[in-house]
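Trainee: Quick one: the structure is below, and I'll ask about it shortly.
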Amino acid sequence: MSDLAGKHIVLGLSGGVAAYKAAEFCRGLVKAGATVQVVMTDAAEHFITPVTMQALSGRPVYTSQWDAREGNNMPHINLSREADAIVIAPASADFLAKLLHGRADDLLSLLCLARPIERVPLIVAPAMNREMYAHPATQRNLAQLRADGTVVLGVGSGDQACGETGDGRMLEPDELLEELIAHFQPKRLAGKHVLITAGPTFEAIDPVRGITNRSSGKMGFAIARAAREAGAQVTLVAGPVALPTPRGVQRVDVESAADMQRAVQASADAADVFIAAAAVADWRPASAADQKIKKDGSGAVPALAFVENPDILAGVAASARAKSGALYCVGFAAESHDLLAHAQAKRARKGVPLLVGNIGPDTFGRDHNALLLVDANGASELPRADKLSLARALMAEIARRLG
Ligand code: CTP
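Structure follows, in structure tokens:
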């Protein structure tokens with residue numbers, strides 16, 4: 003993964019138990035291709051040593067505004083001008099209060115104040131006890147920091163170092179990384195609401211059995227992440243898959259095609275784009291048994307009858323909003339052969355402006371894929387790549403078509 007290649011990050015640590023997560027976060031930044039300059043406050047040094055952070059970042063840590071290593075003796079100027087972003091993780095309640103007032107009595111607060119505000123974003127990851135986080139003073143400070151242009155990340159909820167439980171934990175290192183990577187992606191879909199289906203559906207035969215398919219949901223989840231990175235509000239209607247929810251995405255879990263259709267209908271009116279990436283079961287058992295179907299010992303097998311599931315995509319594409327162009331619909335086609343011909347036929351049959359074809363056995367469960375985009379002007383290929391890269395390229399294609 004080289005999502006942060008060429009980016010230089012100033013990673014600031016203020017005092018908090020969550021400093022241990024900053025070590026892992028620093029490692030993640032370096033792995034993602036960033037160069038990292040760590041700056042620590044005195045309080046941070048009570049929780050983790052500069053030795054650890056130097057080893058992980060590969061650079062000596064700065065801790066003082068009087069650091070004479072800089073030729074001009076102005077580390078606050080030099081460090082802030084080199085940065086593509088300054089990330090404070092953990093950002094303690096006290097440090098946030100300092101930032102708010104523009105106080106600058108140590109190197110980290112000094113370089114935050116000295117940064118070129120138009121060019122160098124300041125991103126803070128709050129970390130504190132739940133009472134401190136909920137306190138009106140902290141909430142007021144966070145609101146004002148946002149108004150001043152600071153990117154304030156959310157917090158986690160759960161067990162806290164103090165033994166209490168609630169909001170205020172710093173985000174986990176992989177969540178911080180996802181947020182920072184998203185921050186640098188172009189906001190091509192800002193202001194848009196994107197509705198996505200992903201994964202397989204599960205059609206019950208009885209309370210313990212059912213039919214499903216091999217879709218892993220990875221492509222649809224990558225699309226949800228890419229849409230959110232592009233600035234969209236995202237609703238992800240997911241069939242039964244064991245994948246983590248991309249950050250900032252609203253997820254609705256469903257099982258059957260009928261559930262999926264209901265969830266899609268509930269959100270379609272507010273959406274600007276609908277992307278049907280789910281592998282919806284074409285048929286379901288005509289009736290699901292209330293109780294487990296038992297063998298009776300005679301060797302007789304149950305006679306299963308099937309009925310066709312509703313076509314969720316075709317239904318949405320036939321709506322007035324889709325027909326007027328207010329809702330842009332994108333279908334997927336998972337084929338085994340003759341991809342172009344099948345994709346073109348499916349585009350016409352589903353009544354969608356854009357159909358994305360892929361070869362089912364080459365994508366189901368895998369991390370890489372290749373896509374064939376078919377629209378009114380013809381076909382173009384997105385060559386084999388990891389699914390997140392493909393999803394980002396697809397978002398760019400959709401944004402271009404939205405105009
Ligand atoms: N789709 C849907 N509802 C269904 C079936 C499919 O919304 N009941 C959507 C899929 O999410 C995908 C597109 O329609 O975007 C094509 O799905 P696919 O299974 O490839 O096509 P089918 O319509 O099932 O056609 P066939 O089985 O003949 O290939």
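Heads up, the sequence shown is in the numbering used here, so the first residue is 3 and it goes up one at a time. Note that CB positions come from ideal geometry on N, CA and C, so glycine has one too. Please read all numbers here as calculations on a predicted model, not as lab measurements.
#1: With H, G and I counted as helix, E and B as strand and the rest as coil, what does DSSP make of M262?
#2: Using the Cα positions of R121 and V239, report the straight-line distance between them to the nearest angstrom.
#3: Are at least three pairs of beta-carbons, each pair with one atom in the segment 237-257 and one in the segment 210-228, less than 8 angstroms apart?
#4: Could you give the DSSP three-state label for V2: helix, strand or coil?
#5: Consult DSSP for E174 and reduce its assignment to one of helix, strand or coil.
#6: On the DSSP bridge assignment, give the partners of Y64 in chain order.
#7: I'd like to check one pair, S258 with E205: are the Cβ atoms closer than 7 angstroms?
#8: Tell me the DSSP secondary structure of V153 in three-state form.
#9: Please confirm whether any heavy atom of the ligand CTP lies closer than 6 angstroms to the CB of D284.
#10: Taking CB distances under 7 angstroms as the criterion, tell me whether A265 reaches chain C.
#11: Quick one: is E181 buried, meaning 16 or more other Cβ sit within 10 Å of its Cβ, or exposed?
#12: For Q56, report the span of its alpha helix (DSSP H) as first-last.
#13: Along the chain, where does the beta strand (DSSP E) that runs through R356 open and close?
#14: Can you tell me whether DSSP reads G301 as helix, strand or coil?
#15: If I follow the unbroken beta strand (DSSP E) through F97, where does it start and stop?
#16: Give the straight-line distance between the Cα atoms of D277 and K100, rounded to the nearest whole angstrom.
#17: Does the contact criterion of 3 or more C-beta pairs under 8 angstroms hold for the segment 20-33 versus the segment 84-104?
#18: Based on the DSSP output, what are the partners of Q252 in its beta bridges?
#19: Short check: CB of A372 to CB of P385, under 7 angstroms?
#20: Can you check which of these residues, P52, S59 and A57, is closest to S66 by C-alpha distance?
#21: Quick check on DSSP: helix, strand or coil for T199?
#22: Taking 8 angstroms as the threshold, find out whether the segment 158-172 comes into contact with the segment 110-120 through three or more Cβ pairs.
#23: If I follow the unbroken beta strand (DSSP E) through I295, where does it start and stop?
#24: How would you label S289, buried or exposed, when you count the other beta carbons within 10 angstroms and need 16 or more for buried?
#25: Do L329 and L374 have their C-beta atoms closer together than 7 angstroms?
#26: Could you tell me which residues DSSP pairs with S382 in its beta bridges?
#27: Residues in the same chain with beta-carbon distance under 8 angstroms from H344, minus the five sequence neighbours each way, listed in chain order, please.
#28: Sort out for me which residues DSSP pairs T167 with in a bridge.
#29: From the DSSP secondary-structure annotation, give me the bridge partner or partners of G73.
#30: Specify the secondary structure class of V119 as computed by DSSP and reduced to three states.
#31: Please check the pair V38 and I11, which I expect to be a contact at CB under 8 angstroms, by giving their CB distance rounded to whole angstroms.
#32: From the DSSP secondary-structure annotation, give me the bridge partner or partners of E310.
#33: Does the beta carbon of D313 fall short of 6 angstroms from some heavy atom of the ligand CTP?
#34: Tell me, please, which residues DSSP counts as bridged to I88.
#35: Quick check: the Cα distance between S16 and G73, rounded to an integer number of angstroms?
Mentor: Let me spell this out:
#1: helix
#2: Cα to Cα, R121 sits roughly 37 angstroms from V239.
#3: yes
#4: Lying outside 3 to 405, the shown extent of the chain, residue 2 is not represented and no answer is given.
#5: In the structure shown, E174 falls within a coil segment according to DSSP collapsed to helix, strand and coil.
#6: V41
#7: E205 places its beta carbon less than 7 angstroms from that of S258.
#8: Strand.
#9: Relative to the ligand CTP, the beta carbon of D284 is positioned inside 6 angstroms of a heavy atom.
#10: Protein chains in the displayed structure number just one, and chain C is not present.
#11: The residue is buried, with at least 16 neighbouring Cβ atoms inside 10 Å.
#12: Note, Q56: alpha helix (DSSP H), P52 to S59.
#13: Sequence check: residue 356 is Leu here, not Arg. Element bounds for L356: L356 to I361.
#14: Reduced to three states, the DSSP call for G301 is coil.
#15: Note, F97: premise wrong, no beta strand (DSSP E); alpha helix (DSSP H) at A95 to H103.
#16: Per the sequence presented here, residue 277 reads as Ile, with Asp not at that position. Distance between the alpha carbons of I277 and K100 is about 44 angstroms.
#17: Contact holds between the segment 20-33 and the segment 84-104, because three or more Cβ pairs, one in each stretch, are under 8 angstroms apart.
#18: Under DSSP, the beta-bridge partners assigned to Q252 are T237.
#19: yes
#20: Cα-wise, what sits closest to S66 is P52.
#21: Three-state DSSP puts T199 in a strand.
#22: no
#23: Where I295 is concerned, there is no enclosing beta strand (DSSP E), given that its DSSP letter is neither H nor E.
#24: By the neighbour-count rule (16 or more Cβ atoms within 10 Å), S289 is not buried but exposed.
#25: no
#26: L375
#27: A335, E337 and G359
#28: Within the DSSP secondary-structure output, T167 pairs in a beta bridge with D161.
#29: According to DSSP, G73 bridges with nothing at all.
#30: Note that residue 119 is Ile in the sequence shown here, rather than Val. I119 falls in the coil class under three-state DSSP.
#31: 5 angstroms
#32: W285
#33: yes
#34: V12 and L124
#35: Separation of S16 and G73 (C-alpha to C-alpha, rounded to the nearest whole angstrom) is 26 angstroms.
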